[in-house]
Amino acid sequence: MSAAAMSLRNGWRGLAFIAIPVTAIAIFLFYPAALSIIGTLVRPKDGGGYTFSLQSYVFFFTDSYSLTNLGRTLWTTVVTLILLIAVNLPIALYMRFTKGPLASVIQALALFPMFVPGIIICYALIRYMGPNGWLQSLLNLVGFHHYASPHLTPWGPVIGLIWDGMPLTLLILISGLSNISDASIEAARDVGAGRLRILVSIITPEITHSLLIVSALNFLGIFGQALMPFMLGPTNPEMMGPFMLRTFSSVRDPLQASTQATITFLICSLAGIAYVRSISRRPKEDRT
Amino acid sequence: MIFLSSRRFDFFGYGILLFLIFFIVLPVLTVFLWAFAEQWFYPAVLPTKWGFRFWSLVLARPDVWSAFATSIELSLTVTALSAVICLPAAYAFARMDFPGKSAFMMSFLMANAFPRFALIISIAVLFLSLDLVGTFTGVVIIQLLNTLLLMIWLPTAAFKAVSREMEEAARDVGATAWQVFRYVTLPQAFPTIAAALLMTFVWTFYETEGAWLVGAPRIRTMPLLMMQMINNQLVVQYGAVLSVMLWVPSLVAILMARRVIGGDAFAKGLGG
Numbered sequence: 003m004s005a006a007a008m009s010l011r012n013g014w015r016g017l018a019f020i021a022i023p024v025t026a027i028a029i030f031l032f033y034p035a036a037l038s039i040i041g042t043l044v045r046p047k048d049g050g051g052y053t054f055s056l057q058s059y060v061f062f063f064t065d066s067y068s069l070t071n072l073g074r075t076l077w078t079t080v081v082t083l084i085l086l087i088a089v090n091l092p093i094a095l096y097m098r099f100t101k102g103p104l105a106s107v108i109q110a111l112a113l114f115p116m117f118v119p120g121i122i123i124c125y126a127l128i129r130y131m132g133p134n135g136w137l138q139s140l141l142n143l144v145g146f147h148h149y150a151s152p153h154l155t156p157w158g159p160v161i162g163l164i165w166d167g168m169p170l171t172l173l174i175l176i177s178g179l180s181n182i183s184d185a186s187i188e189a190a191r192d193v194g195a196g197r198l199r200i201l202v203s204i205i206t207p208e209i210t211h212s213l214l215i216v217s218a219l220n221f222l223g224i225f226g227q228a229l230m231p232f233m234l235g236p237t238n239p240e241m242m243g244p245f246m247l248r249t250f251s252s253v254r255d256p257l258q259a260s261t262q263a264t265i266t267f268l269i270c271s272l273a274g275i276a277y278v279r280s281i282s283r284r285p286k287e288d289r290t
Numbered sequence: 076m077i078f079l080s081s082r083r084f085d086f087f088g089y090g091i092l093l094f095l096i097f098f099i100v101l102p103v104l105t106v107f108l109w110a111f112a113e114q115w116f117y118p119a120v121l122p123t124k125w126g127f128r129f130w131s132l133v134l135a136r137p138d139v140w141s142a143f144a145t146s147i148e149l150s151l152t153v154t155a156l157s158a159v160i161c162l163p164a165a166y167a168f169a170r171m172d173f174p175g176k177s178a179f180m181m182s183f184l185m186a187n188a189f190p191r192f193a194l195i196i197s198i199a200v201l202f203l204s205l206d207l208v209g210t211f212t213g214v215v216i217i218q219l220l221n222t223l224l225l226m227i228w229l230p231t232a233a234f235k236a237v238s239r240e241m242e243e244a245a246r247d248v249g250a251t252a253w254q255v256f257r258y259v260t261l262p263q264a265f266p267t268i269a270a271a272l273l274m275t276f277v278w279t280f281y282e283t284e285g286a287w288l289v290g291a292p293r294i295r296t297m298p299l300l301m302m303q304m305i306n307n308q309l310v311v312q313y314g315a316v317l318s319v320m321l322w323v324p325s326l327v328a329i330l331m332a333r334r335v336i337g338g339d340a341f342a343k344g345l346g347g
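Here the protein sequences line up with chains V and X, keeping their order.
For the first sequence, the numbering used here begins at 3 and goes up steadily by one.
For the second sequence, the numbering used here begins at 76 and goes up steadily by one.
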């Protein structure tokens with residue numbers, strides 16, 4: 003068999019091996035997404051045929067309840083994202099530049115939420131920070147009596163989502179920081195650069211890529227969450243996740259649920275495109 | 076210390092530790108306290124009466140057992156299906172050359188670039204017209220999609236890590252392609268593949284949102300039962316006992332899996 007024929011055969015076999023998962027992704031991810039987007043735009047007409055209609059979008063964007071929910075989702079996303087980075091960047095920096103038992107303990111604790119399923123996190127947070135929860139008892143013990151529980155307020159989902167997003171955020175930031183060599187920082191110190199200067203001129207440029215990935219993934223993660231906002235957040239206004247869930251399951255209005263999903267897709271496509279672009283720019287070998 | 080003076084850095088470290096104790100350790104500890112509390116009235120700092128009474132009450136509930144059976148059946152089905160369709164694909168991505176390889180790999184990563192719940196909604200709308208809502212098959216499909224990425228990318232990395240020299244050496248002494256795979260490639264890749272299977276199983280077991288939207292109320296999995304018990308807060312301990320009972324074995328399993336895989340693989344796989 004000639005080399006060309008061999009590689010052709012190999013190529014077909016490769017394609018056959020990946021055919022089923024690729025088809026599954028196409029049929030059950032891209033097709034429904036496309037279908038629900040098209041389904042909100044092209045509606046069946048009375049007496050047969052189809053017609054183009056923006057009516058469900060007009061409803062969404064004139065319905066003050068829908069708009070408030072969208073606003074609440076954006077607020078939660080932005081606040082959670084800022085807090086996630088504000089909390090995790092110092093931890094990542096600490097772990098990058100320190101070794102020793104304390105750093106290992108911190109690493110173990112900070113990555114721990116990865117091993118806790120979402121439903122158990124919700125339960126733990128409700129019993130801990132909820133009204134008359136353990137945190138309140140502990141605070142009472144030290145003489146603090148003005149605890150206002152964030153449970154069922156807009157801050158409830160923020161706290162839950164930070165819990166949930168912490169390990170991944172931290173891992174990606176640490177992975178980005180590991181690109182910085184000790185030598186480059188020492189060199190900067192030798193020529194008299196201060197701490198702030200090192201942070202701005204050496205560390206920040208190296209982790210821009212990681213920050214971008216972290217922001218994009220968390221944006222998608224927070225926007226695409228239903229469980230945490232449902233369990234920990236208020237019901238009015240609510241985030242897009244529980245809103246879509248209720249529209250689909252309780253109100254039984256799949257058209258409006260699809261419209262809400264499409265609007266979510268559109269807003270998230272910004273983060274999605276940023277994510278895909280930044281991973282496709284990585285060197286090929288790395289991508290597996 | 077090259078970045079900050081060491082004493083200040085230690086101080087900083089203890090600050091982080093304190094934050095993590097309050098933010099992460101204490102909430103988890105709360106669950107354990109509740110699981111062994113027979114009576115705990117606010118504002119007592121610790122349970123007023125300890126005991127195992129609620130463990131026997133939980134174990135005596137038929138809905139717990141039926142949800143447990145459903146969840147195990149679902150997780151086994153999904154993990155097995157996922158392995159059957161993903162492992163050959165992982166091998167192809169690691170060892171074969173074919174047209175459009177990187178584009179196909181991208182299409183898997185692109186599944187990450189969608190807001191998850193909006194996708195679940197659009198799948199559920201499609202399932203509504205296919206009569207798959209409220210069926211076991213519907214839940215299997217939606218959970219299977221969840222596992223594809225992990226099940227392809229971890230084994231791909233595992234197959235890539237197998238040394239090509241060893242495979243070629245085996246070919247040179249006359250092994251067939253299948254023998255090379257069976258006796259050289261697979262044994263070396265096996266620990267990572269086993270870890271990926273274990274993680275898929277545990278993740279599927281705890282998958283909540285897809286099962287909730289597509290399965291409820293007819294298919295009731297363990298997380299859905301837990302959700303119901305958490306929301307009807309009549310007996311706080313039920314949720315706590317279930318959490319501890321189920322989560323401790325899965326924690327051990329995941330920790331074992333993670334020893335094999337290592338944290339960096341996750342960050343790298345997601346583009347970090």
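Every residue, glycine too, gets a C-beta built ideally from N, C-alpha and C.
{"query": "Contacts of P353(X) in chain V (Cβ-Cβ under 9 Å)", "result": "It is not possible to answer for residue 353(X), since the shown part of chain X is limited to 76 through 347."}
{"query": "Residues of its chain near G207(X), where Cβ-Cβ distance is below 6 Å and the 5 sequence neighbours each way are ignored", "result": "The displayed chain sequence assigns Leu, not Gly, to residue 207(X). For L207(X), where only same-chain residues beyond five positions count, the Cβ hits under 6 Å are G213."}
{"query": "7 Å Cβ shell around F245(V) - same chain, five flanking residues per side excluded", "result": "N71 and Q262"}
{"query": "Closer than 9 Å at the beta carbon, the chain V residues around T283(X)", "result": "P119, G120, I121, A228 and L229"}
{"query": "7 Å CB neighbourhood of L272(X) in its chain, flanking five on each side removed", "result": "T154 and A158"}
{"query": "Short CB-CB distance (under 9 Å) between T212(X) and chain V", "result": "no"}
{"query": "Other residues of its chain near C270(V): CB distance less than 8 Å, five sequence neighbours each side excluded", "result": "F221, L222, F225 and G226"}
{"query": "Spatially closest choice to M274(X) from F117(V), I29(V) and L268(V), by CA coordinates", "result": "F117(V)"}
{"query": "C-beta contact flag for M320(X) and V133(X) at 9 Å", "result": "yes"}
{"query": "Beta-carbon proximity check, T42(V) vs T264(V), cutoff 9 Å", "result": "yes"}
{"query": "Contact under 9 Å by Cβ, V148(V) with P133(V)", "result": "For the sequence presented, residue 148(V) should be read as His rather than Val. Not a contact, by the Cβ cut-off of 9 Å."}
{"query": "Rounded separation between K101(V) and V107(V) - CA only", "result": "11 Å"}
{"query": "Classification of F97(X) by the beta-carbon crowding that lies within 10 angstroms, buried from 16 upward", "result": "exposed"}
{"query": "Proximity of I275(V) and I215(V) at Cβ, strictly below 9 Å", "result": "no"}
{"query": "DSSP three-state assignment for E240(V), whether helix, strand or coil", "result": "coil"}
{"query": "Rounded C-alpha distance that separates R289(V) from S177(X)", "result": "Residue placement at R289(V) is poorly supported in this model, since its pLDDT is 40, which falls under 50; the coordinates still yield a value, given next. Going by the C-alpha atoms only, they are around 9 Å apart."}
{"query": "Simplified DSSP state of K176(X), which is helix, strand or coil", "result": "helix"}
{"query": "Nearest-angstrom Cα separation, counted from G290(X) out to G209(X)", "result": "4 Å"}
{"query": "Where R293(X) sits in the DSSP three-state scheme", "result": "coil"}
{"query": "Short Cβ contact (9 Å threshold) for F234(X) with V89(V)", "result": "no"}
{"query": "CB contact flag (Y89(X), G120(V), <9 Å)", "result": "no"}
{"query": "Range of the contiguous beta strand (DSSP E) that encloses Y52(V)", "result": "Y52 to F54"}
{"query": "Top-ranked residue by Cα proximity to I87(V), from F32(V), G50(V) and L163(V)", "result": "L163(V)"}
{"query": "Other residues of its chain near M233(V): CB distance less than 6 Å, five sequence neighbours each side excluded", "result": "C124"}
{"query": "Whole-angstrom distance between E242(X) and R11(V), CA atom to CA atom", "result": "20 Å"}
{"query": "Residues in the stretch 313-325 of chain X having any Cβ partner in chain V nearer than 8 Å", "result": "G314, A315, S318, W322 and S325"}
{"query": "Contact check, M304(X) vs F143(X), beta carbons under 9 Å", "result": "no"}
{"query": "Cβ-based neighbour list, Y258(X), same chain, cut-off 8 Å, excluding 5 preceding and 5 following", "result": "A245 and A250"}
{"query": "Extent of the continuous beta strand (DSSP E) to which E1(V) belongs", "result": "Because chain V spans 3 through 290 in this model, residue 1(V) falls outside it and cannot be assessed."}
{"query": "Three-pair Cβ contact test at 8 Å for the stretch 239-257 of chain V versus the stretch 175-184 of chain V", "result": "no"}
{"query": "Contacting residues, own chain, Cβ-Cβ under 7 Å from M171(X) (five flanking each side not counted)", "result": "none"}
{"query": "First through last residue of the alpha helix (DSSP H) which encompasses E208(V)", "result": "T206 to F225"}
{"query": "Contact list for A167(X) against chain V, beta-carbon separation under 7 Å", "result": "G16, F19 and I20"}
{"query": "V200(X) versus A26(V) - alpha carbon distance", "result": "17 Å"}
{"query": "Alpha-carbon spacing of I187(V) relative to L201(V), whole angstroms", "result": "9 Å"}
{"query": "Neighbour flag for R239(X) against chain V, beta carbons, 9 Å", "result": "no"}
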